[in-house]
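Trainee:
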Amino acid sequence: MESKCDTQEKFKQLQKFIDSMEDRRGALIAVLHKAQHLYGYLSNDVIFYIAEKLEIPSAKVFGVISFYSYFTTEPRGKYVINVCLGTACFVRGADAIMREFEKILNIKAGETTEDKKFTLSGLRCIGACGLAPVVMVNDKVYGRVELNQVKAIIEEYQEEA
Ligand code: FES
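No gaps in the numbering here: position 107 of the sequence shown is 106 in numbering that gives the first Met the number 0, and each next residue is one more.
(1) Please report the residue range of the beta strand (DSSP E) in which ILE80 lies.
(2) Pick out whichever of GLU145, ILE153, VAL133 and LEU31 has its Cα sitting closest to the Cα of ILE55.
(3) Indicate the three-state DSSP secondary structure (helix, strand or coil) for TYR40 in the structure shown.
(4) Would the beta-carbon of GLN12 fall within 7 angstroms of that of LEU37?
(5) Need the endpoints of the alpha helix (DSSP H) that LYS59 sits in, please.
(6) Per DSSP, which residues does MET135 bridge with? Please list them.
(7) So who's on the other strand from SER120, going by DSSP bridges?
(8) Exposed or buried, which one is HIS111 when buried takes at least 16 other CB atoms within 10 Å?
(9) Please state the DSSP three-state secondary structure of THR164.
(10) Note down the Cα distance separating GLU99 from LEU146, rounded to an integer number of angstroms.
(11) Are the Cβ atoms of ASN137 and VAL79 separated by less than 7 angstroms?
(12) Give the range of the alpha helix (DSSP H) segment to which CYS128 is assigned.
(13) Ignore the nearest five residues each way along the sequence and tell me which others in MET20's own chain have a CB closer than 6 angstroms to its CB.
(14) Hey, quick one: how far does the alpha helix (DSSP H) through MET20 stretch, first residue to last?
(15) CYS88 and VAL149 - do their beta-carbons sit closer together than 7 angstroms?
What follows is the structure, given as structure tokens:
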């Protein structure tokens, strides 16, 4: 559980980041990235705050968030597992890899485990087609993933958590 201090610290970091922007109106995407990086997702409070600070209508901010699949307004797990579902990965079995993650984690793509450790989702091509099929866990890339590796990938993070 996050303490009040952590929340205030993150808020200060966001404030500082926005204040450091020279062109505030043109900074929306960068600010949303920063906020999602800090909080893991974009809550209504954060969205309204950003809109006010950047002097942008909040409807526009919501519009940008829904346009980019990267942004989320739902809390995500500590580890976000992204299975690439682009063409090269798909033809090399990404679909079966996704189903294996779903089976082991007991959730569907787009969902988060009850303990908030893992969120499972699909991605379009991440530009590493030579390594297909590709899975990402947060920023770490796994290439040429085979079905029998899925369990080990999950366990790597279960031990870490
Ligand atoms: S299709 Fe998966 S990395 Fe390109």
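By construction, the Cβ of each residue, glycine as well, lies at the ideal position given by its N, Cα and C atoms.
Mentor: Taking the structure as given:
(1) Within the sequence shown, the letter at position 81 stands for residue 80. Taken as a continuous stretch (DSSP letters only), the beta strand (DSSP E) holding ILE80 covers 78-83.
(2) Taking the sequence shown and counting its residues from 1, one reaches residue 55 at position 56. With distances taken between Cα atoms, ILE55 lies closest to LEU31.
(3) Stepping through the sequence shown from its first residue, residue 40 is reached at position 41. Coil, per DSSP.
(4) Within the sequence shown, the letter at position 13 stands for residue 12. Within the sequence shown, the letter at position 38 stands for residue 37. Against a cut-off of 7 angstroms, the Cβ pair of LEU37 and GLN12 comes out as a contact.
(5) As a working note, residue 59 is residue 60 in the sequence shown. Counting along the chain, the alpha helix (DSSP H) containing LYS59 begins and ends at 57-66.
(6) Within the sequence shown, residue 135 is the residue found at index 136, counting from 1. In DSSP, MET135 forms a bridge with ASN81 and VAL140.
(7) The residue given as residue 120 occupies position 121 in the sequence shown. Bridge partners of SER120: ASN81.
(8) For the purposes of this step, residue 111 is taken as the residue at position 112 of the sequence shown. Reading off the sequence, residue 111 comes out as Thr, not His. Classification of THR111: buried, given that the 10 Å Cβ count is 16 or more.
(9) Residue 164 lies beyond the stretch modelled for the chain, which goes from 0 to 160, so this question has no answer here.
(10) In the sequence shown, counting from the first residue as 1, residue 99 sits at position 100. In the sequence shown, counting from the first residue as 1, residue 146 sits at position 147. About 7 angstroms.
(11) Residue 137 sits at position 138 when you count from the first residue of the sequence shown. Residue 79 sits at position 80 when you count from the first residue of the sequence shown. Result yes, Cβ atoms of ASN137 and VAL79 sit closer than 7 angstroms.
(12) In the sequence shown, residue 128 corresponds to position 129, counting from 1. Taken as a continuous stretch (DSSP letters only), CYS128 belongs to no alpha helix (DSSP H), as it is neither H nor E.
(13) Here residue 20 corresponds to residue number 21 of the sequence shown, with the count starting at 1. These residues qualify, in order along the chain: ALA26.
(14) Working through the sequence shown from its first residue, we reach residue 20 at position 21. MET20 -> no alpha helix (DSSP H), and no H or E assigned at all.
(15) Taking the first residue of the sequence shown as position 1, residue 149 is located at position 150. Taking the first residue of the sequence shown as position 1, residue 88 is located at position 89. Cβ distance not < 7 angstroms, so VAL149 and CYS88 don't count as in contact.
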